[in-house]
Amino acid sequence: MIEQNAPQLRFTLLSDLFGPQRQSADPVGWEEIGVQLHRDGKYHGLTTEYTVELGFVKEGRAYLLQALEIAGIEAEVAVLIEVYDPNAFTWEVYYRGRLDFAGASSTATEFRCTVEKPGFTIKFLNRENITVDLLGRESVGGSALAPFTPTTVELHSKAIRQRYEAETSASPPPPLPDYVTDGNSRFKVMYFGFGSAVVDEFGVQETYAGTITMPDTNPEVPVYVTKEKGLFSIDFTVLALLRIQRQNGKGDFDKADGEVYFRINSEPPVKLFEFRDSGIAGEFRKQLTAAYRVTRNLNIGDQVYLYGRLHVYDISGPLIGPYQFTTYIEMQQGSYFKMEALTQTDPTPAAGLLVYEAFDRLAQAATDSPVAFRSAYFGRTDTRPAYPADGAGSLTMVTGGFQVRGFPLALKSIYATWQGLFDSLSAAHWLGYGIERLPGGTEVVRVEQASYFYSDAVVLTLAAPVQDHLPDIDGVAFSNFEQHVIADRYYNQAEAGWQKWQVQNLNGLDEFNTRREWALPLTQVQATYTAVGGYITAGLYLENTRRQRYEATATTDDQADNDNFLVCLLRHPLGGFQTERNQLFADVTGLLSPDTAYNLRLSPARVLRRHSPVLAAGLFGRQGKRIRFSFGEGNNELSTRLPGETAVVEKADISVEELGPPLWRNESYQFTAPCTWQQALAILSRPNGRIRFRTERNEVREGWILDFKHDLIGGTADFTLLRCYALSQ
1 MIEQNAPQLR FTLLSDLFGP QRQSADPVGW EEIGVQLHRD GKYHGLTTEY
51 TVELGFVKEG RAYLLQALEI AGIEAEVAVL IEVYDPNAFT WEVYYRGRLD
101 FAGASSTATE FRCTVEKPGF TIKFLNRENI TVDLLGRESV GGSALAPFTP
151 TTVELHSKAI RQRYEAETSA SPPPPLPDYV TDGNSRFKVM YFGFGSAVVD
201 EFGVQETYAG TITMPDTNPE VPVYVTKEKG LFSIDFTVLA LLRIQRQNGK
251 GDFDKADGEV YFRINSEPPV KLFEFRDSGI AGEFRKQLTA AYRVTRNLNI
301 GDQVYLYGRL HVYDISGPLI GPYQFTTYIE MQQGSYFKME ALTQTDPTPA
351 AGLLVYEAFD RLAQAATDSP VAFRSAYFGR TDTRPAYPAD GAGSLTMVTG
401 GFQVRGFPLA LKSIYATWQG LFDSLSAAHW LGYGIERLPG GTEVVRVEQA
451 SYFYSDAVVL TLAAPVQDHL PDIDGVAFSN FEQHVIADRY YNQAEAGWQK
501 WQVQNLNGLD EFNTRREWAL PLTQVQATYT AVGGYITAGL YLENTRRQRY
551 EATATTDDQA DNDNFLVCLL RHPLGGFQTE RNQLFADVTG LLSPDTAYNL
601 RLSPARVLRR HSPVLAAGLF GRQGKRIRFS FGEGNNELST RLPGETAVVE
651 KADISVEELG PPLWRNESYQ FTAPCTWQQA LAILSRPNGR IRFRTERNEV
701 REGWILDFKH DLIGGTADFT LLRCYALSQ
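Note that the UniProt record's numbering has the sequence shown beginning at 1, numbered continuously upward.
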């Protein structure tokens, strides 16, 4: 039975097909109307839900049948539910939701369907894993979108330690023969092959031992042409046996001269070994021994030479037929060639989108709406719309492996999914997202630091104390106010950082943007808190990808081609953006070449500290204890300090006190209490705010909504609240 003072409602169907249609008769099931709010445990934001099934009659039935006939289950029809305010003589919006045609049914008098989340929300949630072209001009649903102009940033060269090492084994490859006949073939260039490289981070092309006839021009071939610049250390020893013998038994030679040289470019060569032998009589063996070590700066394109020269002469030919002598160079165990350098290359441009534009395009594409995203945390003074200041996370660029390599955007665009981008940035910054309405009523996806979704503002104070017990329909009292520990919010381990960082052909021990683990001082639970991103922030990985240039490898796949990267930026004094290195830091130690580093502010230890409120909530009462570093990949020695802060050491323990106070206690309040439709609308307008109430013992409590279910007709609501750590001031 409906109470006489029950609120007065009206229902309007809305669609682009037929326009608005106000219902002359309330739909069947309207008595069960009640809006719900639910907080996502991972993403922190709240969404409205409305799961009642309504049976539309008369003109409403005809309207919906026709919509189903024309558009099928994808028909976009919403219902607007308004409640009358007798004091203001106005109709106030209580809920607006999309009608779900997938489970609809009809009779001769009714068209029955459920009311679900608004169409904007449904589209977004159902498409968050769809891959989107960030530079495309169409949404997932085919709606036209205004193009974004990509941002081009010059990527600096991160200095990386590279090594090459080849050693001749006890069983080297058999020597390659060459021949001395008449003419120029008596003048040879000798090359020394050390076998397959044990370590090759330069991409040195393997050479083989042997001789070749000296060309008239450019007689020597370099063993390596530098693709990078830096201070090179080159160390080698050549142990080889030179053999010259008659091939056909005809003819002989009397003299052989030779030298072994090392040189850079066209500089005067360094003579390492020489011989002048005579009286040979057609068969010759000579032990070649040469060793050299040099350290010097080399630039891109410099040529490194290691070679010998051989001259065979005073030849006595046969009376009949040509003479022919075979030459061999047999490499011997103990020979080696080593090269090491801290290298850089020239900076290169890369196109991408800053984070705000990337999120904006993903939200637009998912919702088919040109206005779909807001974020003060990622907004900037030059975004659309503009924000008063650059947000704390705003100066970060999203780009792809193809773009890092320099592929033209016309050939390779940048692709992403909402979930992939959000999860990586959430790992870095502790984010949340939810659906909000702008002042004009337009729905948008709001992304902010998670604390945004736990406001200090009190949006509702319940007048009467929350009763410990309430009577059921038979008058029997049942428990109403309950307080529960939320066990799945406690952790005894934490991991933070980045999944992908290792480069196949580079020594990654200097890379700090890896994954690390810590042990929390709890013994009664076994669970891991994870803040590990899938995008790449590792400077070594980025640098290795950057050096695989499109111009040189346009038809070659690179393992990073389909990877996405995050690159921290700074505003350039002359306009535009530049890569962030160590410019903002007061101290950076434990790292090779700090002034060429990438993404220092995204290091795992810094990432973990941004999630401090979550960890601190589970460590209530554990003051004096420590979060102990237990494991780390790559470089754990990095220590960084921004002005005004204590140094953040990657491998250091963290005291519980360093985490700071939590936002909440890992406990929930559950109860039913009176709640008018006006109070429900106040909650819906600011769902991130606090609910304040008193217990029967007059204890003041506050909590944030985890779940809220309003009974419009009954004038009550079921509350599930997350306990606030401290009362608002």
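Ideal Cβ positions, reconstructed from N, Cα and C, are used throughout, including at glycine.
Keep in mind it's a predicted model, so treat the numbers as computed, not measured.
Checklist entry - In terms of alpha-carbon separation, which member of L145, A209 and G203 lies closest to P173? => result A209
Checklist entry - Among T149, P219, A146 and V77, which one has its Cα closest to the Cα of F120? => result Ranked by Cα distance from F120, the options T149, P219, A146 and V77 are led by V77.
Checklist entry - Count the other CB atoms within 10 Å of the CB of N698; is the residue buried (16 or more) or exposed (fewer)? => result exposed
Checklist entry - With contact counted as at least three CB pairs below 8 Å, one residue from each stretch, are the segment 574 to 590 and the segment 152 to 161 in contact? => result In this structure the segment 574 to 590 lies against the segment 152 to 161, because at least three pairs of beta carbons, one per stretch, are closer than 8 Å.
Item to check | Integer-rounded CB distance, given that V532 should sit under 8 Å from Q499 | outcome: 6 Å
Item to check | Extent of the continuous beta strand (DSSP E) run through Y307 | outcome: Q303 to S316
Next on the checklist: Using only CA atoms, which one of A256, L37 and F56 lies nearest to T47?
Outcome noted: Distance check between T47 and each of A256, L37 and F56 places L37 closest, using alpha-carbon atoms only.
Next on the checklist: Beta-carbon within less than 8 Å of F18's beta-carbon, same chain only, minus the 5 sequence neighbours each way: which residues are those?
Outcome noted: Y63, Q66 and A67
Next on the checklist: What residue range does the beta strand (DSSP E) around W704 cover?
Outcome noted: V700 to D711
Item to check | Enclosing beta strand (DSSP E) for W501 [first to last residue] | outcome: Per DSSP, W501 belongs to no beta strand (DSSP E) and is neither H nor E.
Item to check | Option in Q403, W418 and R112 with minimal Cα separation from L411 | outcome: Q403
Checklist entry - Which full runs of the beta strand (DSSP E) of 3+ residues lie inside the segment 326 to 365, going along the chain? => result 336 to 344 and 348 to 354
Next on the checklist: Report the CB separation of F620 from R665 in whole angstroms; it is logged as a contact under 8 Å.
Outcome noted: 6 Å
Checklist entry - For M1, does the count of other Cβ atoms within 10 angstroms reach 16, so buried, or fall short, so exposed? => result Low confidence applies here, because M1 scores a pLDDT of 40, under 50, leaving its location unreliable; read the following figure in that light. Exposed, since its Cβ has fewer than 16 Cβ neighbours within 10 Å.
Checklist entry - What distance in whole Å lies between the Cβ atoms of P613 and L663, which are believed to be in contact at a cut-off of 8 Å? => result 5 Å
Item to check | Any non-hydrogen atom of the ligand SAH closer than 7 Å to R694 Cβ | outcome: Ligands displayed in this structure: none; no statement on the ligand SAH is therefore possible.
Checklist entry - Of all the options R606, S185 and G434, which has the alpha carbon lying nearest to the alpha carbon of R686? => result G434
Next on the checklist: My assumption, with CB atoms under 8 Å, is that Y387 sits in contact with T381. Please give the rounded CB distance.
Outcome noted: With a Cβ gap of about 6 Å, Y387 and T381 count as contacting.
Checklist entry - Which residues mark the beginning and the end of the alpha helix (DSSP H) in which T545 is found? => result G539 to R546
Item to check | Contact belief for I33 with L712 at Cβ below 8 Å, rounded distance in angstroms | outcome: 5 Å
Checklist entry - Which full runs of the beta strand (DSSP E) of 3+ residues lie inside the segment 20 to 96, going along the chain? => result 36 to 39, 46 to 49, 53 to 57 and 77 to 85
Checklist entry - Rounded to whole angstroms, how far is the Cβ of V180 from the Cβ of F325, which I believe are closer than 8 Å? => result 4 Å
Checklist entry - Going along the chain, which residues of its own chain have a beta-carbon closer than 6 Å to the beta-carbon of Q293, five neighbours each way excluded? => result Note on residue identity: the sequence assigns Arg, not Gln, to residue 293. D235.
Checklist entry - Quick one: Cα of I160 to Cα of L135, how far? => result 32 Å
Item to check | S105 - partner residues in DSSP beta bridges | outcome: R112
Next on the checklist: Considering only their Cβ atoms, is the gap separating A240 from F192 smaller than 8 Å?
Outcome noted: yes
Checklist entry - Can you tell me whether DSSP reads W430 as helix, strand or coil? => result coil
Checklist entry - By a C-beta neighbour count over all protein chains shown, 10 Å radius and 16 as the cutoff for buried, is I473 buried or exposed? => result exposed
Item to check | Helix, strand or coil at E228 according to DSSP, with G and I counted as helix | outcome: If DSSP states are grouped into helix, strand and coil, E228 belongs with coil.
Checklist entry - Thinking C-alpha only, which one of K117, N688 and A680 is nearest V83? => result A680
Checklist entry - Which partner residues does E517 have in the DSSP bridge list? => result E495 and F631
Item to check | Residues near V700 by beta carbon distance below 6 Å, same chain, minus five either side | outcome: R694
Checklist entry - In terms of DSSP beta bridges, what is C568 paired with? => result Paired residue(s): T396.
Item to check | Bridge partners - E290, DSSP secondary structure assignment | outcome: Inspection of the sequence shows that residue 290 is occupied by Ala rather than by Glu. Bridge partners of A290: V238.
Item to check | Nearest to T646 (by Cα), restricted to the options F585, S630, I683 and N635 | outcome: F585
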